[in-house]
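These protein sequence lines map, in sequence, to chains A and B. Going by numbering that gives the first Met the number 0, the first residue of the first sequence is number 0, and it counts up by one from there. Going by numbering that gives the first Met the number 0, the first residue of the second sequence is number 0, and it counts up by one from there. Some notes on the structure that comes next.
Number of protein chains: 2
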Amino acid sequence: MKADKYEKISALARRRGFFWPSYEIYGGVSGFINWGPLGSVMKRRIEDKFRDIFIRRLGLYEIETPIISPEVVFKASGHLESFREPMVECGDCKRRFRADHLLQEFADLPSQETDRMRLAEIKGAIEEHGIRCPDCGGPLGEPKYFLTMFKTTIGPYSDVVGYGRPEAAQGIFVEFRRLYEQVRERLPVGFAVIGHALRNEISPRQGPMRLREFTIIDLEFFIDPESPGCPLLKRVEDETLNMVLAENRLRGSEEPVKLTVRDAVARGYIKMEWQAFFMALAKRFLEELGVPDEKQRFIEKLDWERAHYSTQGFDQEVYLDRWGWVEVSGFNDRTDFDLKGHMRESGEDMRVFKTREKPKVRKERILKPVIRNIRRDFREEMGRVLNLLSKTRPEEIEKHLKEKGYFMLGGFRILPSHVKFEERVTEEKGRRFIPHVIEPSFGSDRLTYVALEYAYTVKDGRVILRLPRDIAPVQLAVLPLVQRDGLPEKARGIYEALIEEGFTVEYDEAGSIGRRYARFDEIGTPICITVDYETLKDGTVTLRDRDSWKQVRTGVKQLPRLLWDFFRFKMDFTGLGSPVGEKS
Amino acid sequence: MKADKYEKISALARRRGFFWPSYEIYGGVSGFINWGPLGSVMKRRIEDKFRDIFIRRLGLYEIETPIISPEVVFKASGHLESFREPMVECGDCKRRFRADHLLQEFADLPSQETDRMRLAEIKGAIEEHGIRCPDCGGPLGEPKYFLTMFKTTIGPYSDVVGYGRPEAAQGIFVEFRRLYEQVRERLPVGFAVIGHALRNEISPRQGPMRLREFTIIDLEFFIDPESPGCPLLKRVEDETLNMVLAENRLRGSEEPVKLTVRDAVARGYIKMEWQAFFMALAKRFLEELGVPDEKQRFIEKLDWERAHYSTQGFDQEVYLDRWGWVEVSGFNDRTDFDLKGHMRESGEDMRVFKTREKPKVRKERILKPVIRNIRRDFREEMGRVLNLLSKTRPEEIEKHLKEKGYFMLGGFRILPSHVKFEERVTEEKGRRFIPHVIEPSFGSDRLTYVALEYAYTVKDGRVILRLPRDIAPVQLAVLPLVQRDGLPEKARGIYEALIEEGFTVEYDEAGSIGRRYARFDEIGTPICITVDYETLKDGTVTLRDRDSWKQVRTGVKQLPRLLWDFFRFKMDFTGLGSPVGEKS
Numbered sequence: 000m001k002a003d004k005y006e007k008i009s010a011l012a013r014r015r016g017f018f019w020p021s022y023e024i025y026g027g028v029s030g031f032i033n034w035g036p037l038g039s040v041m042k043r044r045i046e047d048k049f050r051d052i053f054i055r056r057l058g059l060y061e062i063e064t065p066i067i068s069p070e071v072v073f074k075a076s077g078h079l080e081s082f083r084e085p086m087v088e089c090g091d092c093k094r095r096f097r098a099d100h101l102l103q104e105f106a107d108l109p110s111q112e113t114d115r116m117r118l119a120e121i122k123g124a125i126e127e128h129g130i131r132c133p134d135c136g137g138p139l140g141e142p143k144y145f146l147t148m149f150k151t152t153i154g155p156y157s158d159v160v161g162y163g164r165p166e167a168a169q170g171i172f173v174e175f176r177r178l179y180e181q182v183r184e185r186l187p188v189g190f191a192v193i194g195h196a197l198r199n200e201i202s203p204r205q206g207p208m209r210l211r212e213f214t215i216i217d218l219e220f221f222i223d224p225e226s227p228g229c230p231l232l233k234r235v236e237d238e239t240l241n242m243v244l245a246e247n248r249l250r251g252s253e254e255p256v257k258l259t260v261r262d263a264v265a266r267g268y269i270k271m272e273w274q275a276f277f278m279a280l281a282k283r284f285l286e287e288l289g290v291p292d293e294k295q296r297f298i299e300k301l302d303w304e305r306a307h308y309s310t311q312g313f314d315q316e317v318y319l320d321r322w323g324w325v326e327v328s329g330f331n332d333r334t335d336f337d338l339k340g341h342m343r344e345s346g347e348d349m350r351v352f353k354t355r356e357k358p359k360v361r362k363e364r365i366l367k368p369v370i371r372n373i374r375r376d377f378r379e380e381m382g383r384v385l386n387l388l389s390k391t392r393p394e395e396i397e398k399h400l401k402e403k404g405y406f407m408l409g410g411f412r413i414l415p416s417h418v419k420f421e422e423r424v425t426e427e428k429g430r431r432f433i434p435h436v437i438e439p440s441f442g443s444d445r446l447t448y449v450a451l452e453y454a455y456t457v458k459d460g461r462v463i464l465r466l467p468r469d470i471a472p473v474q475l476a477v478l479p480l481v482q483r484d485g486l487p488e489k490a491r492g493i494y495e496a497l498i499e500e501g502f503t504v505e506y507d508e509a510g511s512i513g514r515r516y517a518r519f520d521e522i523g524t525p526i527c528i529t530v531d532y533e534t535l536k537d538g539t540v541t542l543r544d545r546d547s548w549k550q551v552r553t554g555v556k557q558l559p560r561l562l563w564d565f566f567r568f569k570m571d572f573t574g575l576g577s578p579v580g581e582k583s
Numbered sequence: 000m001k002a003d004k005y006e007k008i009s010a011l012a013r014r015r016g017f018f019w020p021s022y023e024i025y026g027g028v029s030g031f032i033n034w035g036p037l038g039s040v041m042k043r044r045i046e047d048k049f050r051d052i053f054i055r056r057l058g059l060y061e062i063e064t065p066i067i068s069p070e071v072v073f074k075a076s077g078h079l080e081s082f083r084e085p086m087v088e089c090g091d092c093k094r095r096f097r098a099d100h101l102l103q104e105f106a107d108l109p110s111q112e113t114d115r116m117r118l119a120e121i122k123g124a125i126e127e128h129g130i131r132c133p134d135c136g137g138p139l140g141e142p143k144y145f146l147t148m149f150k151t152t153i154g155p156y157s158d159v160v161g162y163g164r165p166e167a168a169q170g171i172f173v174e175f176r177r178l179y180e181q182v183r184e185r186l187p188v189g190f191a192v193i194g195h196a197l198r199n200e201i202s203p204r205q206g207p208m209r210l211r212e213f214t215i216i217d218l219e220f221f222i223d224p225e226s227p228g229c230p231l232l233k234r235v236e237d238e239t240l241n242m243v244l245a246e247n248r249l250r251g252s253e254e255p256v257k258l259t260v261r262d263a264v265a266r267g268y269i270k271m272e273w274q275a276f277f278m279a280l281a282k283r284f285l286e287e288l289g290v291p292d293e294k295q296r297f298i299e300k301l302d303w304e305r306a307h308y309s310t311q312g313f314d315q316e317v318y319l320d321r322w323g324w325v326e327v328s329g330f331n332d333r334t335d336f337d338l339k340g341h342m343r344e345s346g347e348d349m350r351v352f353k354t355r356e357k358p359k360v361r362k363e364r365i366l367k368p369v370i371r372n373i374r375r376d377f378r379e380e381m382g383r384v385l386n387l388l389s390k391t392r393p394e395e396i397e398k399h400l401k402e403k404g405y406f407m408l409g410g411f412r413i414l415p416s417h418v419k420f421e422e423r424v425t426e427e428k429g430r431r432f433i434p435h436v437i438e439p440s441f442g443s444d445r446l447t448y449v450a451l452e453y454a455y456t457v458k459d460g461r462v463i464l465r466l467p468r469d470i471a472p473v474q475l476a477v478l479p480l481v482q483r484d485g486l487p488e489k490a491r492g493i494y495e496a497l498i499e500e501g502f503t504v505e506y507d508e509a510g511s512i513g514r515r516y517a518r519f520d521e522i523g524t525p526i527c528i529t530v531d532y533e534t535l536k537d538g539t540v541t542l543r544d545r546d547s548w549k550q551v552r553t554g555v556k557q558l559p560r561l562l563w564d565f566f567r568f569k570m571d572f573t574g575l576g577s578p579v580g581e582k583s
């Protein structure tokens, strides 16, 4: 079996403080992890990168809403009904299992089939295949649905049920009316939440890939369904996406086709332009986290794979050493499903009013009865005649009168003298409607693990974490060459100065310089600054590049400006000084 | 009654998007709020300021741990036992009330008294004062304790109980062993968690001051109790603190005394130097959030007011218009209480080993019996003699022999010939001990509200939010003077350029320039950039200062560098250009 990167990275992550399972001293509780001194900083830098690309640069907004919500929220959202998994319990040992997983494992049924089974069908299949408890061989009971949300009680009254949010989106939908007013009633407009979410998985895998508590990044983008166009699309239309299309999957092929964003939209593979735009941004986002194009793909979900609120959905998948293709984000067209649900449950009007640039003009023919003549000709039948006239399309009457000179209406002979025709012009100033929602959604725990795996490289038998410089947890290390002759004091001074400048810096004097370089390569520190005897003479230091191990020499005075350019504007390392060896 | 700032700020916060109660469309659920498009950014900037002052600059660490913990964690921490409030239920209407609050309200008992009452005493007091249900007048039942933690179940087995963390500290204690190894076994060392916490309050007040879900900032700082000194103390020793001391409170005075950090430590008012250091940093932190010295104080908690884990505790309080003095942070000496608890419950050794710089040398006198002579003189009594000798301090025997030439031991006459004395030297290389913990703890929701209240000012009948520039949610606004003649296009270009530079910028062309200035004053935007006809000619723009309403003129090209200096290095506004009116 080939080396498993997940094992190696987990070991490194645990030893150096990126991530590890929670509560190990109590035997562990699966589905929970910690992000350590290095991991939490890296994870936050990734979240900040999302903020920069998807929020600040697009002029969208972030909000923060509670994790605990009252039950009605998930009644409206459909989660109470749909956020559940089929479960069976063993009659003897009482252990519980995912019923669909048992059928996949012991009856070789594909998930595409089990995903679509009802409880009765599941029960039937279990009996048919004579599946018993995998642990004790006991009989399996009635399949039941298990609601995979964490349930609790709000306040001292045990009848106020609350749940931990399985997604952050609902916090945005519930508050949509107020948010819409706060941003002065603009469409399109987007709101994001970055925060913890809870899913009470029946049997979560270990590690950061499937968690019971994780950080979700939900961006809900509200549009007018009558003007769904994305003016920003041209910024990304030449970007290519590797797409596994539903039509091909139904034919049994998971082979991706490479399409430009332009084609994917033009040929109708991605129905909403904004969906395509966010997918393109997401591809670039992952590239900036170190995942190359060929290790990314977008898989279109089949009807029975999509969440209950989605009409078209894509998962962005990244190839990982242990698990193969793994979802890192999802893109769903949620239409007006959620706002409608909250409108229904709360009675609050979730519609917005939009004035048309130029009012819509409607012309219609209307019929005016000539009462005097009608009374004269029909007497006491007048009422019935007027009633019948009001029920008939004016255009029809007018047509007959023009053609034949009369119109038979329920036995009455209507003549041109009985009616006049006029044109009425009406103007519609605007319309009320429920906005539709395009949703990109990421999991930042997975993103952080993915960035770690793609940064993990081995050079001369040593681990180097080639993290993109803007997500590396420690930016700089200041190292005195030796622990004597005033070098530590000098190095401390430079350390303090760089801290003052706002960098994330570590000072380290323990062990040989080689061992210290190795230590910082292993946690992905882009640059080591070495203070040596030269420094005391001419105030220059050695900068060492993590990836190339190249070294340049530069003056301490120029450090802050140079390093800002290096980190903020991605300036090339060789631009930081003169190659060591040459005169500086 | 004087104007209530809380009302005004809440109205502004709701209208412009700082904060408002959650779930209003469902009638609201008290104890939960949202942070909106402006509030969430401001709150995060405040948390980032904490990170800068308490973590990055001190070389401490941040970690991220789960909100949901298994029950054993809170058994170890003592919360299952202590994190509760006395509650009574009405026999008729079944409503529930805080028993201690009823006694305070209807029996005029001070909280200092009710805080110390046991359930039996509470019951007695309720009967004695004939207190009945405030709602329906019904009889009140047995007082019970209500556990104010949110309870849930982890996984499909309903016997695995979990709780939402009421503080983030335990996530650090549980993982201490691993964290300690990750930072290469250094002491002192500190770890912080910034994240949501849950407290199932029986009757929370509205607004951001008392919440059921809130953001806690817990910093757990681990020290060696044998070397509790704080080498950084000198950085803050001249800082003055307004302190309300326990000894004065016991005498009935809540008057603060002004002490320098140096005196507060020297005179033993603050027992731990690190505690004093963090309190001084916290004072500066609040000053940077806009709260002047005279509106801050530190109140020492009395024995029965302190949390169950604390031996000395101070609350940092800030004066607020509606509530008077309100806690914004707490400083507790948690000793080894928590690590001990987890060591007890998990069996995991929480002790650290510390080698002494120079081994501790212990010298002792030891007595060596001269067997030959003892046998000769005491024969079959030898055993008893040896036994008696082993039970007697060598120094005592030696002293008598020196003085009197013999020593009477249980009837036996011991002579110099029976014993020899030697000196034994032993070395202790190091010691094992459980670190002690100093904890500063903040609530960032409160901090954010406090910053809003202190920024709230009225000038010429208009609201200006004088937020410190580094926590203002929107840094810059770009405004074309009019909506024609190419000014909007020019302004858009400048907006895009500033976005590229990394600033948080808004573009606004709606309404008169005066109304737009007012709009940005109201949300605390430090600088408005106005694009006018001059701009088209000479490429200069007008910068307007939020607080002074002063205006300066400067070239678009210089903007990025100048604005970075303004925001990062607090450069004075007048330094940004030449006063409008003069030649530029």
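Glycine included, C-beta positions come from ideal geometry on N, C-alpha and C. For clarity, every value in this text was computed on a predicted model and none was experimentally measured.
Q. On the three-state DSSP scale, how would you describe Arg242(A)?
A. Counted from its first residue, the first sequence places residue 242(A) at position 243. A quick correction: the sequence has Met, not Arg, at residue 242(A). Looking at Met242(A) - three-state DSSP - the assignment turns out to be strand.
(Q) For Gly513(A) and Ala490(A), what's the separation of their Cα atoms in angstroms? (A) Translated into the one-based positions of the first sequence, residue 513(A) becomes position 514. Translated into the one-based positions of the first sequence, residue 490(A) becomes position 491. Cα to Cα, Gly513(A) sits roughly 17 Å from Ala490(A).
Q | CB contact below 8 Å: Tyr448(A) versus chain D | A | Structure shown: chain D not included; protein chains present are A and B.
Q: Tell me whether Glu581(B) is buried or exposed, calling it buried when 16 or more other Cβ atoms sit within 10 Å of its Cβ.
A: Taking the second sequence and counting its residues from 1, one reaches residue 581(B) at position 582. Confidence in Glu581(B) is poor, its pLDDT being 48 and thus under 50, which makes the residue's placement unreliable; the coordinate value appears in the next sentence. With fewer than 16 Cβ atoms within 10 Å of its Cβ, Glu581(B) is classed as exposed.
Q. With respect to 7 Å, is the separation between the Cβ of Gly154(A) and the closest non-hydrogen atom of the ligand SAM below this value?
A. As for the ligand SAM, it is missing from this structure, which has no ligand bound.
Q. Is it buried or exposed for Pro578(B), if we count other Cβ within 10 angstroms and need 16 for buried?
A. Numbered from 1 along the second sequence, position 579 holds the residue referred to as residue 578(B). When all chains shown are included, Pro578(B) counts as exposed.
Q.
List, in chain order, every chain B residue whose beta-carbon is nearer than 8 Å to that of Phe565(A).
A. As a working note, residue 565(A) is residue 566 in the first sequence. Within 8 Å Cβ-Cβ: nothing; Phe565(A) doesn't reach chain B, min ~15 Å.
Q | DSSP state of Thr524(A) mapped onto helix, strand, coil | A | What you label residue 524(A) is simply residue 525 of the first sequence in a count that begins at 1. Coil at Thr524(A), not helix or strand.
Q.
Which residues in chain B have a C-beta closer than 7 Å to the C-beta of Thr503(A)? List them in chain order.
A. Walking along the first sequence from the start, residue 503(A) turns up at place 504. Here the neighbours are Arg55.
Q | Cβ neighbours of Arg209(B) in the same chain (closer than 6 Å, five flanking residues each side left out) | A | In the second sequence, residue 209(B) corresponds to position 210, counting from 1. Contacts found: Pro203.
Q) Can you name, in chain order, every residue of its own chain whose Cβ lies under 8 Å from the Cβ of Gly354(B), other than the five neighbours on each side? A) Walking along the second sequence from the start, residue 354(B) turns up at place 355. In the sequence as presented, Gly is not what sits at residue 354(B); that position holds Thr. Once the five neighbours on either side are set aside, the close Cβ partners of Thr354(B) are Lys428, Gly429.
Q) When the Cα of Met271(A) is compared with those of Asp237(A), Ser226(A), Asp302(A), which residue comes out closest? A) Taking the first residue of the first sequence as 1, we reach residue 271(A) at position 272. The shortest C-alpha separation from Met271(A) is found at Ser226(A).
Q: Using only alpha-carbon positions, find the residue among Thr539(A), Ile32(A), Ser252(A) that is nearest to Trp19(A).
A: Counting from one through the first sequence, the residue named residue 19(A) turns up at place 20. For Trp19(A), the nearest C-alpha among the options comes from Ile32(A).
Q. Under three-state DSSP, which class holds Val290(A)?
A. Within the first sequence, numbered from 1, the residue matching residue 290(A) stands at position 291. It is coil, neither helix nor strand.
Q) Should the region 166 to 178 of chain B be regarded as contacting the region 57 to 72 of chain B, the criterion being three or more beta carbon pairs within less than 8 Å? A) yes
Q | Burial state of Met407(A), where buried means 16 or more other Cβ atoms lie within 10 Å | A | Taking the first sequence and counting its residues from 1, the one referred to as residue 407(A) is at position 408. Its Cβ having fewer than 16 others within 10 Å, Met407(A) is exposed.
Q) What number of angstroms, rounded off, separates the C-alpha of Glu426(B) from the C-alpha of Thr391(B)? A) Here residue 426(B) is taken as the residue at index 427 of the second sequence, counted from 1. Here residue 391(B) is taken as the residue at index 392 of the second sequence, counted from 1. One C-alpha to the other measures close to 24 Å.
Q) Taking DSSP as the reference, what is the three-state secondary structure of Met271(A)? A) As a first step, residue 271(A) is located in the first sequence; it is residue number 272 there, counting from the start. The answer is coil: DSSP assigns Met271(A) none of H, G, I, E or B.
Q. Are the C-beta atoms of Tyr60(A) and some chain B residue less than 8 Å apart?
A. The residue labelled residue 60(A) in the question sits at position 61 within the first sequence. Closer than 8 Å: yes.
**Q.** Distance between beta carbons of Gly312(B) and Asn331(B), contact taken as under 8 Å
**A.** Along the second sequence, one-based indexing puts residue 331(B) at 332. Along the second sequence, one-based indexing puts residue 312(B) at 313. Yes, they are in contact, since the Cβ atoms of Asn331(B) and Gly312(B) sit about 4 Å apart, within 8 Å.
Q: Would you verify that the beta carbon of Arg177(B) is, or is not, closer than 8 Å to some beta carbon of chain A?
A: The residue given as residue 177(B) occupies position 178 in the second sequence. Chain A, which has a Cβ nearer than 8 Å to the Cβ of Arg177(B), makes this yes.
Q. Between the beta-carbon of Asp526(A) and the beta-carbon of Leu542(A), is there less than 8 Å?
A. Indexing the first sequence from 1 puts residue 526(A) at position 527. Indexing the first sequence from 1 puts residue 542(A) at position 543. A small correction: the amino acid at residue 526(A) is Ile; Asp does not occupy that position in the sequence shown. For Ile526(A) and Leu542(A), yes; Cβs fall inside 8 Å.
Q: Look at the Cβ atom of Val477(A), then the Cβ atom of Leu464(A), and state whether they are nearer than 8 Å.
A: What you label residue 477(A) is simply residue 478 of the first sequence in a count that begins at 1. What you label residue 464(A) is simply residue 465 of the first sequence in a count that begins at 1. Cβ distance not < 8 Å, so Val477(A) and Leu464(A) don't count as in contact.
**Q.** 7 Å CB neighbourhood of Ala281(A) in its chain, flanking five on each side removed
**A.** By 1-based counting over the first sequence, the position of residue 281(A) is 282. Once the five neighbours on either side are set aside, the close Cβ partners of Ala281(A) are Gln315, Ser328, Pro439.
(Q) So within the region 441 to 485 of chain A, which uninterrupted beta strand (DSSP E) runs reach at least 3 residues, ignoring any that extend past its ends? (A) 455 to 458, 461 to 464, 475 to 479
**Q.** Boundaries of the alpha helix (DSSP H) in which Met584(A) is found, first to last residue
**A.** Within the shown structure, residues of chain A are numbered from 0 to 583, placing residue 584(A) beyond reach of any answer.
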